[in-house]
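In my numbering, the protein residues as written are 2 to 153. Even glycine gets a Cβ: it sits at the ideal position worked out from N, Cα and C. Computed from a prediction, not measured in an experiment: that's the story for all the values here. Working notes, beginning with the structure itself.
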Ligand code: HEM
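Below, the structure is given as C-alpha cells:
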C-alpha cells in the first residue's frame with residue numbers, strides 16, 4: 002500500500018511540476034509570434050484543463066504525502082529534514098495555487114468570456130507569476146523528495 006501511495010505521489014508531482022515546466026519553458030516561447038486574440042483564446046481553453054489536473058494532483062499529493070508520513074514514518078517525529086521541508090514548501094505551493102485559482106484565474110476567465118482582452122492579459126500576468134514561483138518551488142521539493150533519504 003505504501004509503495005502504491007509513493008508511486009501515486011511521484012506521478013502527481015510529475016503532472017504538476019512537468020505541466021508548469023511545459024507551460025513556462027516550451028508553450029510560452031512558442032506562442033510569442035501568435036496574434037494576441039489567438040493567444041488569449043488558446044489560454045482560455047488550456048488553463049481550465051491544466052488547472053483541473055493540478056487540483057487532482059494536489060489532492061493526490063496531500064493524501065499520499067500524509068499517508069506515507071503517518072503510516073510509513075509514524076508522523077513528523079520520525080521523518081527526516083527533507084520531509085519536513087517538503088511538507089512546508091508543498092503546503093505553500095498549494096496555498097499559492099488556491100489563491101491564484103480563486104482570484105486571478107477566476108477574473109481571467111470572466112474577462113475572457115466578456116471579451117475584455119486587456120483585463121484578461123493583466124490577470125494572466127499574475128497567473129504566470131504564481132506559476133513561475135510554484136515551478137521553482139516544485140523543482141526544489143521534487144529534488145528534496147527524491148534525494149532526501151541520502152542526506153535528510
Ligand atoms: C503536503 C505536503 C507533502 C507531504 C506531507 C509529502 C510527503 C512525502 C513523503 C513522506 C515522501 C517519502 C520520502 C522518503 O521516503 O524519503 C515524499 C516523497 C516525494 N515527494 Fe512529497 N510530500 C508533500 C508534497 C509534495 C509536493 C508538493 C511535491 C512536488 C510537487 C512532492 C514530491 C515528492 C517526490 C518527487 C518524492 C520522491 C518520490 C520517490 O522517490 O519515489 N511532495 N513526500
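Measure the Cβ-Cβ separation of residue 135 and residue 21 and say whether it is below 9 angstroms. For the purposes of this step, residue 135 is taken as the residue at position 134 of the chain shown. For the purposes of this step, residue 21 is taken as the residue at position 20 of the chain shown. Yes, they are a contact pair.
Could you tell me whether the region 140-153 touches the region 101-111, where touching means 3 or more Cβ pairs closer than 8 angstroms? no
Tell me, to the nearest whole angstrom, how far the beta carbon of residue 139 is from that of residue 94; I am working on the premise that it is less than 8 angstroms. Start at 1 with the first residue of the chain shown, and residue 139 comes out as number 138. Start at 1 with the first residue of the chain shown, and residue 94 comes out as number 93. About 6 angstroms; that satisfies the 8 angstroms criterion.
Quick check on residue 75: does DSSP put it in helix, strand or coil? Taking the chain shown and counting its residues from 1, one reaches residue 75 at position 74. In the structure shown, residue 75 sits in coil (DSSP, three-state: anything other than H, G, I, E or B).
Below 9 angstroms between beta carbons: does that hold for residue 153 and residue 84? The residue you call residue 153 lines up with position 152 of the chain shown. The residue you call residue 84 lines up with position 83 of the chain shown. For residue 153 and residue 84, yes; Cβs fall inside 9 angstroms.
Should residue 148 go down as buried or exposed, given a rule of 16 or more other Cβ atoms within 10 Å for buried? Numbered from its first residue, the chain shown carries residue 148 at position 147. Under this definition residue 148 is an exposed residue.
For my contact list, residue 106 and residue 48 are in at a C-beta cut-off of 8 angstroms; report their separation, rounded to the angstrom. Locating residue 106 in the chain shown gives position 105, counting from the first residue. Locating residue 48 in the chain shown gives position 47, counting from the first residue. Their Cβ separation, rounded to whole angstroms, is 7 angstroms, which keeps residue 106 and residue 48 in contact under 8 angstroms.
Given this structure, state the Cα-to-Cα distance separating residue 13 from residue 118, to the nearest angstrom. Residue mapping note: residue 13 aligns to position 12 of the chain shown, counting from 1. Residue mapping note: residue 118 aligns to position 117 of the chain shown, counting from 1. Using only the alpha carbons, I get a separation of about 33 angstroms.
Given a cut-off of 9 angstroms on the beta-carbon distance, is the pair residue 128 and residue 87 in contact? As a first step, residue 128 must be located in the chain shown, where it is residue number 127. As a first step, residue 87 must be located in the chain shown, where it is residue number 86. No; because the gap between Cβ atoms is not below 9 angstroms, this pair is not in contact.
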